[in-house]
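Read through the structure below, which is laid out as structure tokens, and then see the notes.
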Amino acid sequence: MGVRVRRSAVVVGAGLGGLATAIRLRHAGWDVTVLEKNNCVGGRCNVLREDGFTFDT
Numbered sequence: 008m009g010v011r012v013r014r015s016a017v018v019v020g021a022g023l024g025g026l027a028t029a030i031r032l033r034h035a036g037w038d039v040t041v042l043e044k045n046n047c048v049g050g051r052c053n054v055l056r057e058d059g060f061t062f063d064t
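For the sequence shown, my numbering gives the first residue as 8, with consecutive numbering after it.
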């Protein structure tokens, strides 16, 4: 009878790269925790609204 080891990872940053990494690890069976300093995910991907115009950044 083998011992099953549960692997876990912490991903720092919820930008596109961090989220993609977390998804791949989770699909591989890892327990994943994602840490993000901002109040929303997406990293540098953002929306800027200025004078009635909307810009994807």
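Ideal placement from N, C-alpha and C gives every residue a C-beta, glycine not left out.
Top-ranked residue by Cα proximity to residue i, from the options
i, options, result
"R11", "L42, W37, N46, L32", "W37"
"L26", "R51, G9, F60", "R51"
"V19", "T61, L42, R33", "L42"
"R13", "G24, K44, L32", "L32"
"H34", "N45, K44, S15", "S15"
Reduced DSSP category for residue i - H, G, I as helix; E, B as strand; rest coil
i, result
"A29", "helix"
CB contact flag (residue i, residue j, <8 Å)
i, j, result
"G59", "G22", "no"
Euclidean distance between Cα positions of residue i and residue j
i, j, result
"V54", "C47", "12 Å"
"R56", "G9", "56 Å"
"V17", "F62", "32 Å"
"V91", "T28", "Residue 91 falls outside the range modelled here, since the chain spans only 8 to 64, and no answer is possible."
Continuous beta strand (DSSP E) stretch holding residue i: start and end
i, result
"A16", "15-19"
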